[in-house]
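Participant:
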Amino acid sequence: MSALLFLYVGLLVFAKLYYGGFTVGVIGALYESNYQESIEFISSLGAVSLTFFFFFVLVFAVYTASFVVIRKKHYVVMLLIFLVSNVYVAHFAKNINSDLKYTFSEYGLEGNDLMIIRLLDTNPFSQPLSSLYVFYNILNYHNSNNGEGWNRINYANASNNNEIYVVVIGESALKSHFSIYGYKLPTMKDVSGLTVYDGVIAPSVVTRLSVPRMLSKNESSAIYQPGKNIIALANQAGLETYWLSNQAKYGIFDTQVSKLASEANHVIYTSLDYLSSRPDSVLLPIFERIVSKPSEKNRVVFINTMGSHSDFCSRFDSITKPIETNRPKQLDCYDNSIKASFDFLLELRFILDQSNLAYQMIYFSDHGLRSIDAPPYYIHDTSGRISNSSVEIPFFLFDSEKRNNMTKIIQRPYNMRDFSATFADWTNIEVDGLNMDNSIFRDENNYLMSYEVIDANLRIQTVN
């Protein structure tokens with residue numbers, strides 16, 4: 047029992063060092079992961095970190111095992127201390143103030159629920175229970191509240207069949223590591239016909255909260271409407287939709303992202319788990335078949351990549367002139383994963399150039415990352431005050447009509463929670479309930495930028 051207790055303490059210390067504790071964000075990541083992804087993450091931490099953790103657990107396990115007999119009164123004393131500490135916390139929990147606005151009320155968590163959350167969350171030993179309680183309630187909310195679908199749709203180009211729109215969703219790509227945004231290392235090739243938007247932020251710091259909001263209409267900083275997602279919008283407008291993914295469909299359970307993806311007319315996954323996943327180049331032959339296949343409709347292809355998902359060194363195969371420095375290997379691997387992501391976009395464009403289709407392709411990342419001083423050096427920002435790098439993301443546009451134009455950079459603050467307006471504006475779909483002034487392609491003076499984002503613990507934070 048004592049060994050299990052100290053194993054639990056060791057896990058708490060480990061989570062605190064890397065993630066700030068067993069937060070809702072960490073619980074969510076565990077929920078939507080599988081053991082292969084966990085193994086991949088653990089392998090990226092480095093020998094020093096893992097040795098420290100297991101040494102900590104071993105020392106305390108041996109120490110407590112040396113006590114052959116533990117009197118019952120010791121258990122009673124520990125129980126009394128735990129109860130007294132919780133009574134103390136409960137007394138002061140209602141007076142705890144924070145400059146961060148929790149979104150729990152928007153998920154139906156109020157009154158006694160909030161007291162339970164505060165009671166458990168303030169004690170580091172019971173924080174995982176608080177996170178589990180919150181996550182369970184939010185999961186139930188999303189499973190029972192898809193909301194209404196789109197109404198009154200008009201697609202001006204319904205009679206055409208020679209247009210294709212491609213939406214490429216990157217993974218964990220730091221905007222600051224793309225050369226076009228000023229990065230000192232050559233992670234991008236010089237190309238023509240590229241429009242770059244600078245000032246774009248993700249609606250959250252983790253995929254499971256960010257991507258569903260990017261793909262759906264949002265009512266507020268916290269609440270989105272899964273029923274009003276852009277895949278369903280394209281379907282209802284009469285376009286042929288594809289979801290092509292190099293990410294695994296499931297963690298332990300179905301995810302909010304895969305639920306939205308399932309609404310596409312054609313859904314293709316290239317891997318069943320993260321250990322068997324390959325570099326994103328595996329998607330190219332499939333994409334080429336889609337492009338070359340005749341269609342009676344205009345098409346939208348959503349491509350969900352592995353991008354710069356950890357382990358960074360597994361995200362690319364052969365790269366022309368790979369980045370090699372004197373830094374730790376994983377830092378070079380991360381930059382090479384960025385380089386591979388941009389090369390992948392150019393390969394997609396090459397395939398589109400070979401067709402007779404008019405095309406446009408958008409690329410953005412689901413979120414950024416936070417830097418730390420230990421392997422893997424870049425991690426999800428799941429606790430405390432979030433860093434700007436966690437939500438600042440790249441946004442690129444390739445357009446066949448501007449293929450030979452010089453690269454253009456547009457300074458435009460934009461929150462990707464309004465991407466549904468951008469998508470409708472981009473594809474020329476008219477629909478009730480969307481304000482097209484919220485499109486990134488409209489005059490920036492018409493867009494009221496919201497710097498509010500959702501952190502991994504379902505709190506609203508403001509980034510500068």
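Take the position in the sequence shown, starting the count at 1, then add 46; the result is the number in the numbering used here. Beta carbons: idealized from backbone N, C-alpha and C, even for Gly.
Which same chain residues end up closer than 6 Å to Met-407 when comparing Cβ atoms and leaving out the 5 residues on each side of it in sequence?
Facilitator: Answer for Met-407: Val-212 and Phe-444, listed in chain order.
Participant: With a threshold of 16 other CB atoms inside 10 Å of the CB of Asp-501, please say whether the residue is buried or exposed.
Facilitator: Asp-501 is buried by the Cβ-count criterion.
Participant: Which value, in whole angstroms, describes the spacing of the CA atoms of Phe-224 and Asp-236?
Facilitator: Going by the C-alpha atoms only, they are around 12 Å apart.
Participant: What first and last residue would you give for the beta strand (DSSP E) that runs through Val-328?
Facilitator: Unbroken run through Val-328: none, as it is neither H nor E.
Participant: If you drop the 5 nearest sequence neighbours on each side, which residues of the same chain put their C-beta closer than 8 Å to that of Met-352?
Facilitator: Cβ within range, chain order: Glu-217, Asn-292, Gln-293, Ser-323, Pro-325, Asp-326 and Arg-361.
Participant: If we call anything under 8 Å between Cβ atoms a contact, is Ile-397 one with Glu-309?
Facilitator: No; because the gap between Cβ atoms is not below 8 Å, this pair is not in contact.
Participant: Give the single residue among Phe-181, Glu-156, Gly-239 and Leu-178 whose Cα lies nearest to the Cα of Leu-392.
Facilitator: Considering only alpha carbons, the answer is Gly-239.
Participant: Check whether the Cβ atoms of Arg-345 and Tyr-409 sit closer than 8 Å, and answer yes or no.
Facilitator: Taking 8 Å as the Cβ cut-off, Arg-345 and Tyr-409 do not qualify as a contacting pair.
Participant: Mind checking which residues open and close the beta strand (DSSP E) that includes Tyr-211?
Facilitator: Where Tyr-211 is concerned, the enclosing beta strand (DSSP E) stretches over 209-216.
Participant: Should Met-482 and Arg-488 be called a contact, given that it needs their Cβ atoms to be closer than 8 Å?
Facilitator: Yes, these two residues count as a Cβ contact at 8 Å.
Participant: Can you tell me where the alpha helix (DSSP H) with Ile-384 in it begins and where it stops?
Facilitator: Unbroken alpha helix (DSSP H) run through Ile-384: 375-399.
Participant: Measuring alpha carbon to alpha carbon, tell me which residue in Asn-207, Ala-283 and Ile-215 is nearest Ser-387.
Facilitator: Ser-387 has its Cα closest to that of Ile-215, out of Asn-207, Ala-283 and Ile-215.
Participant: Based on the DSSP output, what are the partners of Gln-271 in its beta bridges?
Facilitator: Partner(s): Lys-263.
Participant: Using the three-state DSSP reduction, which class does Asp-514 fall into: helix, strand or coil?
Facilitator: Summary: the structure shown does not reach residue 514, with the chain confined to residues 47 through 510, and so no result is reported for it.
Participant: Scan the stretch 176-210 and note each continuous beta strand (DSSP E) run of 3 residues or more that stays entirely inside, going in chain order.
Facilitator: Complete beta strand (DSSP E) runs here, min 3: 199-201.
Participant: Which residue comes first and which comes last in the beta strand (DSSP E) that contains Asp-445?
Facilitator: From DSSP, the beta strand (DSSP E) with Asp-445 extends over 441-445.
Participant: Need the endpoints of the alpha helix (DSSP H) that Ile-276 sits in, please.
Facilitator: Residues 276-283.
Participant: Are Ser-356 and Pro-459 touching if we call contact CB-CB under 8 Å?
Facilitator: Going by C-beta atoms, Ser-356 is not nearer than 8 Å to Pro-459.
Participant: In whole angstroms, what separates the C-alpha of Glu-370 from that of Cys-359?
Facilitator: C-alpha separation (whole angstroms): 13 Å.
Participant: In whole angstroms, what separates the C-alpha of Leu-504 from that of Glu-447?
Facilitator: Going from the Cα of Leu-504 to the Cα of Glu-447 covers about 41 Å.
Participant: Does the distance from the C-beta atom of Ser-436 to that of Leu-415 stay below 8 Å?
Facilitator: Contact flag set, yes.
Participant: Check whether the stretch 273-280 and the stretch 183-203 are in contact - that is, three or more C-beta pairs closer than 8 Å.
Facilitator: The answer is yes - the stretch 183-203 touches the stretch 273-280, with three or more Cβ pairs under 8 Å.
Participant: Along the beta strand (DSSP E) that carries Leu-306, what are the first and last residues, could you check?
Facilitator: That residue, Leu-306, is in no beta strand (DSSP E); its alpha helix (DSSP H) goes 302-307.
Participant: According to DSSP, simplified to helix, strand and coil, what is Arg-324?
Facilitator: Three-state result, Arg-324: coil.
Participant: In its own chain, which residues sit with a C-beta less than 8 Å from the C-beta of Leu-403, not counting the 5 before and 5 after it?
Facilitator: Excluding sequence neighbours, Leu-403 sits near Asn-208, Glu-209, Ile-210, Val-337 and Ser-446.
Participant: Please name the residue, chosen from Met-260, Asn-434, Ile-425 and Asn-264, that lies closest to Phe-348 on a Cα-to-Cα basis.
Facilitator: Comparing Cα positions, the closest option is Met-260.
Participant: Do the CB positions of Ile-456 and Asp-244 come within less than 8 Å of each other?
Facilitator: Yes, these two residues count as a Cβ contact at 8 Å.
Participant: So if DSSP puts Val-242 in a beta bridge, which residue, or which two residues, is it bridged to?
Facilitator: Bridge partners of Val-242: Phe-442 and Ile-455.
Participant: For a test of the three-state rule: what should DSSP assign to His-223, helix, strand or coil?
Facilitator: Looking at His-223 - three-state DSSP - the assignment turns out to be helix.
Participant: Can you tell which of Gly-74, Glu-438 and Asp-389 has the C-alpha that lies nearest to the C-alpha of Asp-412?
Facilitator: Answer by Cα proximity: Glu-438.
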